[in-house]
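Chemist: Here the sequence shown stands for residues 8 to 630, where the numbers follow our numbering.
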Amino acid sequence: MLYYSAKKYIYTLRYILLLYNIGVLLSRAFFYFCRIAAELLIFHGFFHQFAQQQKTHPPPCILRPKIFSDSDWYTVYIFPKSWYTDKSLFHKAKQRQRCVQRCAKPKSEVKRLFTQIKSLGLFGLNAFPVDVEVSMGRGKPQFEIVGLPDASVRESRERIRSALASLSIALPARQITVNLAPADVKKVGTMHDLAILLGILVCMERIPPQPENRCFLGEVSLSGHVRSISGVLPMALLAAQSGIRELFVPEENAAEASAVGIPIYGVHCLSNLLTHLEDTARPILRQQPTYVPQPEDYQDTLDFADVKGQQNAKYALEIAAAGGHNALMIGSPGSGKSMLAKRIPSILPEMTAAESMETTQIYSIAGLLDSGKPLMTKRPFRAPHHTISGAGLVGGGTIPRPGEISLAHNGLLFLDELAEFDHRTLEIMRQPLEDRRVTITRASGTVSYPCSFMLVGAMNPCPCGYYGHPKRQCTCTDRQVRQYLNRISGPLLDRFDLHIEVEPVSFDSLSARAKAESSAAIRERVQAAREWQNQRFSGTGIFCNAAIPAGMLQDFCPMDDGAVTLLRAVFDKLGLSARAYDRILKVARTIADLDGSDIIRKQHIASAAQFRSLDRKYWGTGG
């Protein structure tokens with residue numbers, strides 16, 4: 008009985024399992040039927056779409072969202088939608104067992120955009136044109152800058168991205184390539200930011216294409232403002248020579264660039280610039296008026312009338328200013344050497360337009376221009392500390408920058424406490440003093456800066472400063488004095504045309520109420536002497552007596568018989584070198600110009616010779 012009950016239970020369980028399996032099979036069949044029907048419907052829709060576009064039947068494949076190749080010539084129906092190179096696309100299709108469909112017309116023919124914006128670059132004093140080429144098309148979303156950029160140029164990608172975000176503009180998810188042509192010249196600085204940003208906006212069709220006679224310079228900030236840059240003046244001069252008719256620069260640099268004579272527009276922020284470029288009928292930006300120096304820009308605050316006594320030193324410095332000669336002052340502490348040197352610019356002749364432009368360019372590169380007075384109207388006065396390095400004095404750095412001797416171009420370089428300077432640093436100046444130009448070579452390139460300046464040095468005669476003092480006792484030994492003076496080498500000492508001994512000022516001179524001769528009166532004589540020299544050297548390229556080449560001394564320095572006899576006696580007695588002979592003759596030429604004489608006479612030679620005696624007194628040589 009039990010047996011039959013168990014058998015009946017087993018058969019019932021079998022029927023239940025059979026009915027369950029049949030239900031599962033029917034549900035799976037229904038699922039697959041629905042899936043096939045859906046695929047057929049999708050296939051039917053895409054079939055008619057591609058049949059109309061290509062007039063051909065597509066290959067048998069399951070159609071899904073497209074993957075485009077980098078060239079847009081091929082597509083494959085694989086999820087998800089993206090971009091691949093042609094090689095990667097075929098590999099991907101093979102893995103998924105999908106067919107590759109060739110497009111009838113690549114989308115890149117209408118989607119890829121290109122534009123060119125004019126900009127300018129700078130290396131040293133040499134400006135060069137830069138064509139900012141921007142290409143935007145389909146491909147892997149990226150932002151690349153090519154054309155030999157340095158780190159500051161490559162970082163412009165992030166500045167531009169943030170600046171556009173401040174204007175509620177997002178970079179498109181496209182392949183953006185920026186080329187700075189010519190590609191074989193190193194691009195340094197941030198002046199290309201504005202041109203790159205505008206090129207991207209042109210490709211995005213946010214602003215119209217820019218004409219070729221329009222140039223853009225400026226650094227873009229993260230907030231959408233345009234920051235000032237260095238070296239605008241030399242780049243603006245090149246723009247004027249290259250036929251640029253409109254130059255857009257940062258607002259702080261607009262006055263500086265206006266001196267070149269072409270329309271200059273100062274840009275404060277990107278929003279104003281974009282509005283100006285979009286609406287040409289109603290421009291927002293106004294042309295910068297040409298900067299005109301004011302009369303007070305030429306006035307000096309320091310005057311020789313403030314110097315008590317020191318008539319001999321004043322006369323010597325007048326000679327130095329009239330002929331552009333280098334001068335060395337030796338005297339005890341407190342005798343007025345620094346006071347005299349700081350007032351030399353007040354008696355120098357006014358800068359010509361060409362000299363002003365040359366000096367302003369150097370200061371523009373160094374970033375030392377005053378935005379309120381962007382044009383150098385006064386001759387520069389540079390007084391570096393004695394701890395300065397050689398690179399700081401003559402220029403240097405990875406990207407060579409002008410040093411103190413170039414910043415003193417057309418002006419005065421004053422080296423106080425001359426003997427305290429590093430010996431090697433001083434010796435570096437020997438060649439620039441002769442050539443009036445310094446050349447700096449680095450791995451990034453070679454840069455040449457002009458350095459035509461007056462060199463004025465001041466020093467004590469010994470470490471304590473009272474060697475040879477009429478009233479105070481020197482505490483230095485003879486060895487200490489010699490060691491101190493020997494810090495100035497003979498070749499460097501020989502490059503000073505005038506040796507000036509600055510005596511201590513007496514009580515009577517300090518207490519005198521009478522005003523000394525003013526700088527204006529001295530300047531008139533100096534200016535008259537320089538006019539004589541300009542007439543004498545017209546067409547020769549010589550600008551002052553100190554620059555007369557040795558081969559032309561006989562032509563420009565005629566002497567009477569008395570002068571020749573005296574110069575011969577001085578030469579034999581002091582044992583002068585050939586360079587010292589030339590220096591005395593040049594100084595005598597300047598003294599004759601101050602006297603209004605075409606011929607160098609005996610008294611002129613005598614005055615010039617007395618300013619070459621200190622090397623014999625202190626260094627024991629007449630050379």
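Ideal placement from N, C-alpha and C gives every residue a C-beta, glycine not left out.
Can you name the start and end residues of the beta strand (DSSP E) that G144 belongs to?
Modeler: Here the beta strand (DSSP E) through G144 covers 133 to 144.
Chemist: Take the Cβ of N133 as the centre, count every other Cβ of all protein chains shown within 10 Å, and call the residue buried at 16 or more, exposed below.
Modeler: Exposed: under 16 other Cβ atoms inside 10 Å.
Chemist: Where R234 and R161 are concerned, what is the direct C-alpha to C-alpha distance, given to the nearest angstrom?
Modeler: So the alpha carbons of these two residues sit roughly 17 Å apart.
Chemist: Taking the CB atoms as reference points, tell me whether R537 and I354 lie closer together than 8 Å.
Modeler: Not closer than 8 Å, so no.
Chemist: Do V445 and S496 come within 8 Å of each other at the CB atom, strictly closer than that value?
Modeler: No, they are not a contact pair.
Chemist: Applying the 10 Å Cβ sphere with the 16-neighbour rule, what's the burial state of D4?
Modeler: With the chain running from 8 to 630 in the structure shown, residue 4 is simply not present.
Chemist: Taking D442 as the reference, which of A587, T448, P189, S459 has the closest Cα?
Modeler: If we check each option's Cα against that of D442, S459 comes out closest.
Chemist: Going by the DSSP bridge assignment, what does E226 pair with across the sheet?
Modeler: According to DSSP, E226 bridges with R234.
Chemist: Is the distance from the Cβ of F503 to the Cβ of L335 below 8 Å?
Modeler: Result yes, Cβ atoms of F503 and L335 sit closer than 8 Å.
Chemist: In the DSSP assignment, what are the bridge partners of M336?
Modeler: DSSP lists A465, I507 as partners of M336.
Chemist: Quick check on the DSSP output: what are the complete alpha helix (DSSP H) runs of length 4 or more inside the region 483 to 547, in order along the chain?
Modeler: Segments of the alpha helix (DSSP H) lying fully in the region 483 to 547: 485 to 492, 497 to 500, 514 to 518, 526 to 543.
Chemist: Taking contact to mean at least 3 C-beta pairs separated by less than 8 Å, is the region 540 to 547 in contact with the region 334 to 353?
Modeler: As far as the Cβ criterion goes, the region 540 to 547 does not touch the region 334 to 353, which means the pair count is below three.
Chemist: Assign C222 to one of two classes, buried (16 or more other C-beta atoms within 10 Å of its C-beta) or exposed (fewer than that).
Modeler: By the 10 Å Cβ count, C222 comes out buried.
Chemist: Leaving out the 5 sequence neighbours to the left and right, which residues in its chain are closer than 8 Å to R252 when beta-carbon positions are compared?
Modeler: Once the five neighbours on either side are set aside, the close Cβ partners of R252 are N220, R221, I269, P270.
Chemist: By how many angstroms is the C-alpha of M346 removed from the C-alpha of E411?
Modeler: One C-alpha to the other measures close to 20 Å.
Chemist: In whole angstroms, give me the CA-to-CA distance for T197 and S237.
Modeler: Roughly 9 Å between the two C-alpha positions.
Chemist: Among residues of its own chain, excluding the 5 on either side of L284, which ones have a beta-carbon nearer than 6 Å to its beta-carbon?
Modeler: For L284, where only same-chain residues beyond five positions count, the Cβ hits under 6 Å are I214.
Chemist: What is the rounded straight-line gap between the Cα of L254 and the Cα of L208?
Modeler: Looking at the two C-alpha atoms, the distance is approximately 19 Å.
Chemist: Look up K609 in the DSSP assignment and say whether it is helix, strand or coil.
Modeler: Three-state result, K609: helix.
Chemist: I'd like the span of the alpha helix (DSSP H) that includes R168, first residue to last.
Modeler: Where R168 is concerned, the enclosing alpha helix (DSSP H) stretches over 163 to 173.
Chemist: Do the region 463 to 473 and the region 484 to 493 meet, that is, are 3 or more Cβ pairs less than 8 Å apart?
Modeler: Touching, per the Cβ criterion.
Chemist: Classify G603: buried if its beta carbon has 16 or more other beta carbons within 10 angstroms, exposed otherwise.
Modeler: Result: exposed.
Chemist: Thinking C-beta only, is T597 closer than 8 Å to A262?
Modeler: In this structure, T597 does not lie closer than 8 Å to A262 by Cβ.
Chemist: Using only CA atoms, which one of L621, E427, K522, H611 lies nearest to K315?
Modeler: Nearest C-alpha to K315: K522.
Chemist: Can the beta-carbon of A264 be found less than 8 Å from the beta-carbon of V239?
Modeler: Yes, Cβ-Cβ distance for A264 and V239 is below 8 Å.
Chemist: Which residues does DSSP pair with L419 in a beta bridge?
Modeler: L419 is bridged to F388, M461.
Chemist: What does S371 pair with, by DSSP beta-bridge criteria?
Modeler: DSSP, once it has assigned bridges, lists no residue as partnering S371.
Chemist: Distance, Cα to Cα, I435 vs L573?
Modeler: When rounded, the distance between both Cα atoms is 35 Å.
Chemist: Span of the alpha helix (DSSP H) holding I326?
Modeler: Residues 318 to 330.
Chemist: Grab me the residues of E362's own chain with a C-beta within less than 7 Å of its C-beta, minus the 5 sequence neighbours each way, in chain order.
Modeler: For E362, where only same-chain residues beyond five positions count, the Cβ hits under 7 Å are N417.
Chemist: In this structure, how does DSSP classify E285 when only helix, strand and coil are distinguished?
Modeler: It is helical.
Chemist: Hey, S142 and T184: beta-carbon distance below 8 Å or not?
Modeler: Yes.
Chemist: When burial is assigned at 16 or more other CB atoms within 10 Å of the CB, is G131 buried or exposed?
Modeler: Label assigned to G131: buried.
Chemist: If you run the structure through DSSP and keep just helix, strand and coil, what is M566?
Modeler: Reduced to three states, the DSSP call for M566 is strand.
Chemist: What residue range does the beta strand (DSSP E) around S126 cover?
Modeler: Per DSSP, S126 belongs to the beta strand (DSSP E) from 120 to 130.
Chemist: Could you give the DSSP three-state label for T446: helix, strand or coil?
Modeler: Strand at T446.
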